[in-house]
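Under my numbering, the first residue of the sequence shown is numbered 20, with each subsequent residue one higher. For glycine and all other residues, C-beta sits at the position ideal for the given N, C-alpha and C. None of the values given here were measured: they were computed from a predicted structure. Have a look at the structure below, then the notes.
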Amino acid sequence: MSLPAALSPTLRETCVAEERGVFLPTRGHVSFVGLHGQALERHSPEKQSSEKQSPEKQGLGRQAAGRSDSQRLPYIESYTPHGVQVRLTDWVGRLTFTTESDAGRVQHPVLVYPAKLHEQPEQAFAALGRMADALPELGQRLNFPQGLLSATDHLTAPTRSAPAAPQLLDWAGQAWQLWQLARRRPQLVQGQGRRVLDDGRVPDRVDWELTFEHWGQGGFPGHVARDLAPPLPPAATSALLDLWDALIAAAQQLPQPAERLPLLARLTWARAAIAGNRAGERASSAPTQRRTTRPTAARSTDALTHQAALLAEQVRHWSPQSTGIPEGYTRMAELYEIWALARLTQALGASSGEFERDAAGLFTGTFRGDGVTVTLNPRLSFRGIGLGLQLLRPDLLAVFDDGRALVADVKYRPLDRLNAQQHREINDQLLRYMGLSHAATGLILWPGRAETGRLSGAPGAEPILEANPYSPQQALQINPLPGERARMVRVRLHPNDPHGALPLQLRTLGFPGVFA
Numbered sequence: 020m021s022l023p024a025a026l027s028p029t030l031r032e033t034c035v036a037e038e039r040g041v042f043l044p045t046r047g048h049v050s051f052v053g054l055h056g057q058a059l060e061r062h063s064p065e066k067q068s069s070e071k072q073s074p075e076k077q078g079l080g081r082q083a084a085g086r087s088d089s090q091r092l093p094y095i096e097s098y099t100p101h102g103v104q105v106r107l108t109d110w111v112g113r114l115t116f117t118t119e120s121d122a123g124r125v126q127h128p129v130l131v132y133p134a135k136l137h138e139q140p141e142q143a144f145a146a147l148g149r150m151a152d153a154l155p156e157l158g159q160r161l162n163f164p165q166g167l168l169s170a171t172d173h174l175t176a177p178t179r180s181a182p183a184a185p186q187l188l189d190w191a192g193q194a195w196q197l198w199q200l201a202r203r204r205p206q207l208v209q210g211q212g213r214r215v216l217d218d219g220r221v222p223d224r225v226d227w228e229l230t231f232e233h234w235g236q237g238g239f240p241g242h243v244a245r246d247l248a249p250p251l252p253p254a255a256t257s258a259l260l261d262l263w264d265a266l267i268a269a270a271q272q273l274p275q276p277a278e279r280l281p282l283l284a285r286l287t288w289a290r291a292a293i294a295g296n297r298a299g300e301r302a303s304s305a306p307t308q309r310r311t312t313r314p315t316a317a318r319s320t321d322a323l324t325h326q327a328a329l330l331a332e333q334v335r336h337w338s339p340q341s342t343g344i345p346e347g348y349t350r351m352a353e354l355y356e357i358w359a360l361a362r363l364t365q366a367l368g369a370s371s372g373e374f375e376r377d378a379a380g381l382f383t384g385t386f387r388g389d390g391v392t393v394t395l396n397p398r399l400s401f402r403g404i405g406l407g408l409q410l411l412r413p414d415l416l417a418v419f420d421d422g423r424a425l426v427a428d429v430k431y432r433p434l435d436r437l438n439a440q441q442h443r444e445i446n447d448q449l450l451r452y453m454g455l456s457h458a459a460t461g462l463i464l465w466p467g468r469a470e471t472g473r474l475s476g477a478p479g480a481e482p483i484l485e486a487n488p489y490s491p492q493q494a495l496q497i498n499p500l501p502g503e504r505a506r507m508v509r510v511r512l513h514p515n516d517p518h519g520a521l522p523l524q525l526r527t528l529g530f531p532g533v534f535a
């Protein structure tokens with residue numbers, strides 16, 4: 020099945036969310052309704068019920084062998100005297116429906132956006148473009164064959180300007196200089212405690228008054244040290260971390276891996292050094308308040324914070340995130356599943372292995388990493404108490420050298436809006452996977468609650484739609500099972516997540532997440 024790379028600009032396009040209905044106007048008798056030359060079928064509720072997938076596998080690319088591709092297409096819900104009502108599935112991008120009626124042959128271009136990624140079409144298409152851009156890089160890192168990227172055969176992101184490595188290096192140098200200035204600033208401290216050191220090596224400050232008193236009592240040559248409370252992190256730390264986040268996001272847009280990967284490694288190390296310095300300080304008596312808003316130059320009073328916020332705004336303005344409408348089309352569930360499995364495999368540090376596609380259309384393969392073996396779509400079979408052989412195939416199984424195991428399943432579904440029966444089916448499926456693979460941790464990867472965005476901007480200026488702030492607490496939901504010897508975990512995995520969010524979640528769960 021093929022499609023021109025772009026539709027004619029003279030066509031009027033309708034934008035609609037995935038899995039919604041779209042009306043195609045016709046006149047008189049309708050003899051044909053198709054998508055990209057392939058006829059659409061009319062599905063009745065009974066037919067849809069009979070075509071439900073096996074509980075062994077759900078989602079795109081998991082249909083039983085022998086099912087035709089036409090059954091994955093949108094389908095006709097009803098005919099009316101004035102047109103055809105078509106139900107969209109998980110196809111997204113530029114779809115061209117064709118109808119043949121008494122009005123002749125008419126093409127109906129429709130823009131379908133992945134509403135599970137964002138409720139606003141422009142933001143949803145931007146997230147989709149980032150996923151499509153990331154797959155070739157992930158495929159190269161994980162030795163993916165070209166066939167694995169079939170989900171994006173008809174989907175390409177729009178051309179956009181990208182930052183240059185020398186410019187980013189220059190900004191990184193300025194950011195590092197700001198950090199050195201911030202950390203060398205004098206910090207107010209308050210003495211506390213008292214120790215006597217016989218060797219004369221006092222790490223902080225000598226209390227000479229107490230030392231003389233100590234000597235008068237025969238304690239020479241010991242010195243009395245007055246331990247100092249650790250200083251608070253520099254005032255500009257939060258703004259500097261935000262600046263490094265902007266630099267890392269800009270570096271991810273570099274088109275050449277030879278430039279992008281080394282620069283990302285350097286930027287990631289620098290950010291970790293700043294964050295580690297803040298985390299490594301001894302905790303003060305007052306709890307540190309977590310930053311919930313992005314520092315801006317307008318609201319900052321500290322000079323270094325102001326400079327860092329200005330530089331971060333400059334980086335983001337010069338290298339904006341991927342925007343625009345991708346050309347072509349794809350099946351969103353398949354694209355998300357491949358992207359999610361590649362991200363999880365990469366985060367686990369498993370990159371040595373090969374992929375192949377089996378007769379059922381599932382991508383299989385075993386990858387080896389440092390202390391872990393990751394298998395995609397493993398075949399877990401058992402007979403149980405009956406005579407027939409039963410087969411289960413989770414999306415991913417990771418077995419660690421210390422004997423622990425992790426099983427994961429990808430769901431491109433709005434888990435927060437499913438009913439109790441649907442939740443029960445997903446839980447039962449994951450429990451079967453965990454029991455058969457002896458995995459104490461079961462993951463469900465999903466795109467999270469659909470982002471709605473928020474309006475921001477200076478008073479009187481044009482409002483800017485920003486993504487909702489990322490919340491690590493909401494991204495990871497851990498549910499221990501009875502006895503607390505196993506757990507089911509719901510993990511948000513979204514293309515808008517901060518760099519390194521998934522490895523951090525793995526480390527939170529006690530697994531060796533690789534920051535990449």
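Residue i, DSSP secondary structure in three states
{"i": "S456", "result": "helix"}
{"i": "Y355", "result": "helix"}
{"i": "T108", "result": "coil"}
{"i": "H137", "result": "strand"}
{"i": "E37", "result": "coil"}
{"i": "I293", "result": "helix"}
{"i": "I463", "result": "strand"}
{"i": "L406", "result": "coil"}
{"i": "G368", "result": "coil"}
{"i": "A6", "result": "Outside the shown range of the chain, which is 20 to 535, sits residue 6, and nothing can be said about it."}
{"i": "P433", "result": "coil"}
{"i": "L43", "result": "strand"}
{"i": "G519", "result": "coil"}
{"i": "F374", "result": "strand"}
{"i": "A327", "result": "helix"}
{"i": "L528", "result": "coil"}
{"i": "A244", "result": "strand"}
{"i": "N537", "result": "Nothing can be reported for residue 537, as the shown portion of the chain is limited to 20 through 535."}
{"i": "D189", "result": "helix"}
{"i": "D152", "result": "helix"}
Exposure label - residue i; buried when at least 16 CB within 10 Å
{"i": "V41", "result": "buried"}
{"i": "G368", "result": "buried"}
{"i": "W110", "result": "buried"}
{"i": "Q440", "result": "exposed"}
{"i": "G467", "result": "buried"}
{"i": "I404", "result": "exposed"}
{"i": "I445", "result": "buried"}
{"i": "F144", "result": "buried"}
{"i": "L408", "result": "exposed"}
{"i": "I497", "result": "exposed"}
{"i": "G148", "result": "buried"}
{"i": "H242", "result": "buried"}
{"i": "F382", "result": "buried"}
{"i": "V334", "result": "buried"}
{"i": "H137", "result": "buried"}
Beta-ladder partner(s) of residue i, from DSSP
{"i": "N498", "result": "M507"}
{"i": "V49", "result": "S120"}
{"i": "L411", "result": "L399"}
{"i": "W224", "result": "At residue 224 the sequence reads Arg, which differs from the Trp that was named. R224 pairs with nothing; no bridge assigned."}
{"i": "P128", "result": "T115"}
{"i": "H55", "result": "H55 is not bridged to any residue."}
{"i": "D261", "result": "D261 is not bridged to any residue."}
{"i": "D428", "result": "I463"}
{"i": "I95", "result": "R61, V105"}
{"i": "T394", "result": "T385, L416"}
{"i": "L273", "result": "In DSSP, L273 forms no bridge with anything."}
{"i": "L216", "result": "H242"}
CB contact flag (residue i, residue j, <9 Å)
{"i": "L500", "j": "R506", "result": "yes"}
{"i": "R543", "j": "T460", "result": "Here the chain has residues from 20 to 535 only, and residue 543 is not among them."}
{"i": "L411", "j": "Y355", "result": "no"}
{"i": "L130", "j": "A184", "result": "no"}
{"i": "G112", "j": "T287", "result": "no"}
{"i": "P44", "j": "H101", "result": "yes"}
{"i": "I95", "j": "V35", "result": "no"}
TODO: Would you check if there are 3 or more beta carbon pairs closer than 8 Å linking the region 259-276 to the region 286-297?
DONE: At 8 Å Cβ cutoff, the stretches touch.
- [ ] Would you check if there are 3 or more beta carbon pairs closer than 8 Å linking the region 111-122 to the region 357-377?
- [x] The region 111-122, when compared against the region 357-377, does not touch it at the 8 Å Cβ threshold.
Open item on the list: I'd like to know if the region 369-381 and the region 389-399 are in contact, where contact means that at least 3 CB-CB pairs between them fall below 8 Å.
Closed with: Taking 8 Å as the limit for Cβ pairs, the verdict is that the region 389-399 does touch the region 369-381.
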